[in-house]
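Going by the numbering used here, the sequence shown wraps up at 189, each residue one higher than the last. Here a beta-carbon is modelled for each residue, glycine too, at the ideal position from N, C-alpha and C. Since this is a predicted model, take the numbers as computed values, not measurements.
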Amino acid sequence: SFKSDVAIDDVTISQGRCPTEHVCEEGQFTCANPFHDIFNEDADYGQEVGCVRQEFVCDGSDDCFDGSDEANCSDTVRCPSNQLYQACASSCNKTCSAGPEGASCSPVCVSRCACPSHLPFLHNGECIKYKDCPNALQGNVDSERERANKQITTGFRNLLSLFARWMTTTNGT
Numbered sequence: 017s018f019k020s021d022v023a024i025d026d027v028t029i030s031q032g033r034c035p036t037e038h039v040c041e042e043g044q045f046t047c048a049n050p051f052h053d054i055f056n057e058d059a060d061y062g063q064e065v066g067c068v069r070q071e072f073v074c075d076g077s078d079d080c081f082d083g084s085d086e087a088n089c090s091d092t093v094r095c096p097s098n099q100l101y102q103a104c105a106s107s108c109n110k111t112c113s114a115g116p117e118g119a120s121c122s123p124v125c126v127s128r129c130a131c132p133s134h135l136p137f138l139h140n141g142e143c144i145k146y147k148d149c150p151n152a153l154q155g156n157v158d159s160e161r162e163r164a165n166k167q168i169t170t171g172f173r174n175l176l177s178l179f180a181r182w183m184t185t186t187n188g189t
């Protein structure tokens, strides 16, 4: 089967020739042969065909059909599990124990294996979303409990206030 994210109106033919230059958005790597990826059924990176997010360049895995995202990489780093090598990553990992904001890391740019942006939290060696952290549910339960307690306290105070006014009005007549 043929799969493509390119529509007829995406292609401009100039003087009877197909386009020869392909430019990706900022923060993306342009594959050496981007038009070849149009015919690659496995090429689905949630972005334009022939473009690879910068975090997937030199990560030890061919994301361009022609492998150009792994070419000219000095000593390709093999990262554990679902981490990716990033030339400019934060100096520490976000962890589940640090809460939804993650750890407060130094803004220093470090070349290292790190969790990708769509799975930013490192838990037991795996990159996950915060909602999958074991303490994420507990945090939601605690905040719901606090909100319910606050509503009960406010309601009780209002009831006492009404009772006091009623007592004042009843005793005064």
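Residue of the options minimising C-alpha distance to residue i
i, options, result
"residue 44", "85, 131, 76 and 78", "85"
"residue 140", "99, 167, 179 and 166", "99"
"residue 134", "145, 125, 127 and 117", "145"
"residue 151", "127, 65 and 113", "113"
"residue 190", "149, 46, 110 and 40", "Past the edges of the chain, shown from 17 to 189, lies residue 190, and the structure says nothing about it."
"residue 116", "180, 87 and 136", "136"
"residue 96", "69, 132, 123 and 124", "132"
Cα-Cα separation between residue i and residue j, rounded to whole angstroms
i, j, result
"residue 169", "residue 183", "21 Å"
"residue 48", "residue 82", "7 Å"
"residue 80", "residue 166", "54 Å"
"residue 107", "residue 89", "21 Å"
"residue 126", "residue 175", "58 Å"
"residue 67", "residue 172", "60 Å"
"residue 142", "residue 148", "11 Å"
"residue 123", "residue 42", "21 Å"
"residue 46", "residue 78", "13 Å"
"residue 94", "residue 128", "10 Å"
Where residue i sits in the DSSP three-state scheme
i, result
"residue 179", "helix"
"residue 42", "coil"
"residue 58", "Low confidence applies here, because residue 58 scores a pLDDT of 47, under 50, leaving its location unreliable and the question unanswered by this model."
"residue 114", "helix"
"residue 72", "helix"
"residue 137", "strand"
"residue 84", "helix"
- For the region 73-80 against the region 98-109, are there 3 or more C-beta pairs whose distance is under 8 Å? yes
- Completely contained alpha helix (DSSP H) runs for the region 86-110, where each covers 4 or more residues: Not a single unbroken stretch of the alpha helix (DSSP H) spanning 4 or more residues falls wholly within the region 86-110.
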